[in-house]
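Everything in the sequence shown is counted per UniProt numbering, starting at 1 for the first residue and increasing by one.
Don't be surprised by glycine CBs; every beta carbon is placed ideally from N, CA and C.
Below is one structure, written out as structure tokens; comments come after it.
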Amino acid sequence: MGSLLKGAVIAAVALGTNRMDVYQLTSTNSLAYRSYSGSSWSPGWSPLGGTFNYVPAVTSYGSNRIDIIGTGSNTGAYHRYWNGNSWSGWNNYGGTFKSSISLISYGSNYLDYYGVGTDNAVWHKSWDGNSWSLYETLGGTFSSALSVVVTTTVTVRIDFFGVGNDKGCWHKYKSGNSWSGWDSRGGSFISEVVSITISINIFIFGIREDRAMWYSKWDGSKWSAWESLGGSFNSKPTVISWGPDRFDCYGTGTDNTMWHKSWSSGDGWQSGWESLGGNFDGAPTVVSWGPNRMDCFCYGYDKKIYHKSWGGSWSDGWSTIS
């Protein structure tokens with residue numbers, strides 16, 4: 001399963017200042033990772049095993065905790081975690097998924113994951129710190145993996161978005177213990193949609209048939225109309241926030257280079273798209289371990305993983321980590 005435009009083939013997670021891990025599938029579709037510790041990368045890729053249809057999702061809810069969940073070659077969901085000292089084995093949680101897994105964590109020791117089943121509906125499972133729930137179907141009819149965001153105000157609210165078989169963007173949310181129905185956000189997309197929260201605001205992004213990036217905003221009471229940000233893209237969007245009032249959008253263009261555009265609450269959208277160069281096959285993967293810091297990764301046509309960082313200015317060129 002996949003969208004017309006390319007997704008990411010790399011996963012990454014930031015664990016604190018100067019600490020991050022990068023994950024990729026090997027030639028046999030098993031998982032491997034490398035770690036960055038502030039001054040250098042670990043020597044070579046460490047194997048984690050498994051056999052996956054897509055690069056798994058990775059999250060961290062603490063400096064010494066990593067959770068990985070992915071769709072295995074038998075369509076079941078598999079989970080493995082790092083507790084600060086060692087890796088667990090792989091746990092098979094079953095299910096029959098035709099999409100990659102979307103994984104979120106919030107608070108301490110809470111996990112929630114979503115995927116599109118072979119029935120095209122959304123399926124969900126959660127960890128409450130003590131035990132895993134049973135699978136719950138949330139319905140819908142989807143052709144893409146999901147984007148999930150969490151807003152924490154008085155209560156925890158979870159919003160998720162996906163592209164339906166009609167190519168439109170569909171939305172559902174959970175506030176407290178109650179699920180909404182599905183509502184159509186419209187549009188006609190040729191990529192997965194992605195989302196991000198800034199305060200009470202939710203932004204969703206996708207690539208439409210004109211190859212431009214489009215977005216819509218929830219301001220706490222209503223959705224805006226879709227608006228074009230321009231550009232010409234060959235991958236799904238990637239969006240990251242390194243501060244409470246700032247986020248950055250990335251995509252691989254039809255020229256195979258990486259493009260970047262930022263938004264802040266004070267200045268709005270950056271004027272125009274900024275080219276970061278490169279020659280890439282797939283969507284960017286971007287993480288942030290602190291204010292004014294971003295690390296970008298992308299897979300090159302030469303089968304190498306490339307890295308570029310922002311720390312107030314961009315690092316020179318692209319460096320390889322494989």
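Residue i - DSSP class collapsed to helix/strand/coil
| i | result |
| --- | --- |
| residue 343 | An answer regarding residue 343 cannot be provided, because it is not within the stretch 1 to 322 covered by the chain. |
| Ala-12 | strand |
| Arg-211 | coil |
| Tyr-61 | strand |
| Thr-137 | strand |
| Ile-204 | strand |
| Gly-89 | coil |
| Ser-199 | coil |
| Trp-41 | strand |
| Ser-322 | coil |
| Gly-117 | strand |
| Val-193 | coil |
Residues bridged to residue i (per DSSP)
| i | result |
| --- | --- |
| residue 355 | Residue 355 is absent from the model: the chain starts at 1 and stops at 322. |
| Ile-68 | Val-58, Arg-80 |
| Ser-73 | In the DSSP output, where bridge partners are listed per residue, Ser-73 has none listed. |
| Asp-112 | Ile-104, Ser-126 |
| Lys-308 | Cys-296 |
Which listed residue (the options) has its alpha carbon closest to that of residue i
| i | options | result |
| --- | --- | --- |
| residue 338 | Lys-303, Lys-125, Ser-143, Ala-145 | Any answer about residue 338 is impossible in this case: the structure gives the chain only from 1 up to 322. |
| Thr-51 | Thr-26, Ser-63, Arg-34 | Thr-26 |
| Asp-267 | Asn-74, Phe-280, Ala-283, Phe-247 | Phe-247 |
| Asp-281 | Asn-165, Cys-298, Asp-316, Val-122 | Cys-298 |
| Cys-169 | Gly-176, Tyr-114, Asp-183 | Asp-183 |
| Gly-311 | Gly-317, Ile-305, Pro-291, Ser-319 | Pro-291 |
| Gly-231 | Lys-261, Pro-244, Val-239 | Lys-261 |
| Val-156 | Ala-32, Ile-104, Asn-74 | Ile-104 |
| Phe-203 | Tyr-61, Tyr-306, Arg-293, Val-150 | Val-150 |
| Val-58 | Gly-317, Tyr-301, Leu-276, Val-286 | Val-286 |
| Thr-17 | Thr-197, Ile-196, Ser-35 | Ser-35 |
| Asn-85 | Pro-47, Thr-28, Ser-63, Asn-279 | Ser-63 |
| Arg-293 | Trp-242, Lys-304, Gly-272 | Trp-242 |
| Ser-195 | Val-55, Ser-178, Lys-217, Phe-189 | Lys-217 |
| Trp-82 | Asp-166, Pro-43, Leu-15 | Leu-15 |
| Gly-139 | Ser-131, Phe-160, Asn-279, Trp-132 | Phe-160 |
Neighbourhood of residue i by C-beta distance below 8 Å, restricted to the same chain and skipping five residues each side
| i | result |
| --- | --- |
| Phe-233 | Leu-5, Ser-191, Ile-207, Arg-211, Ala-212, Met-213, Gly-251, Thr-252, Gly-253, Thr-254, Trp-259 |
| Ala-77 | Ile-69, Gly-70, Thr-71, Asn-92, Tyr-93, Gly-94, Gly-95, Phe-97, Ile-101, Tyr-113, Gly-115, Lys-125 |
Cβ-based neighbour list, residue i, same chain, cut-off 7 Å, excluding 5 preceding and 5 following
| i | result |
| --- | --- |
| Asn-129 | Correcting the residue type first, residue 129 is Gly in the shown sequence and not Asn. Asn-109, Tyr-110, listed in sequence order. |
| Ser-315 | Lys-308, Ser-309 |
| Glu-227 | Trp-214, Tyr-215 |
Residues of its chain near residue i, where Cβ-Cβ distance is below 6 Å and the 5 sequence neighbours each way are ignored
| i | result |
| --- | --- |
| Ser-180 | Lys-172, Tyr-173 |
Residue i Cβ short of 8 Å to the ligand ADP heavy atom set
| i | result |
| --- | --- |
| Glu-274 | Only the bare structure without any ligand can be found here, which leaves the ligand ADP out of the picture. |
Next on the checklist: Report the start-end ranges of each beta strand (DSSP E) in the stretch 217-299 that is 3 residues or longer and not cut off at the edges.
Outcome noted: Fully enclosed beta strand (DSSP E) runs of 3 or longer: 238-243, 246-252, 258-264, 274-277, 285-287, 294-299.
Item to check | Whole runs of the beta strand (DSSP E) within the stretch 124-188, excluding any shorter than 3 residues | outcome: Fully contained in the stretch 124-188 are the following beta strand (DSSP E) runs of length 3 or more, in chain order: 136-139, 147-152, 156-163, 169-175, 183-186.
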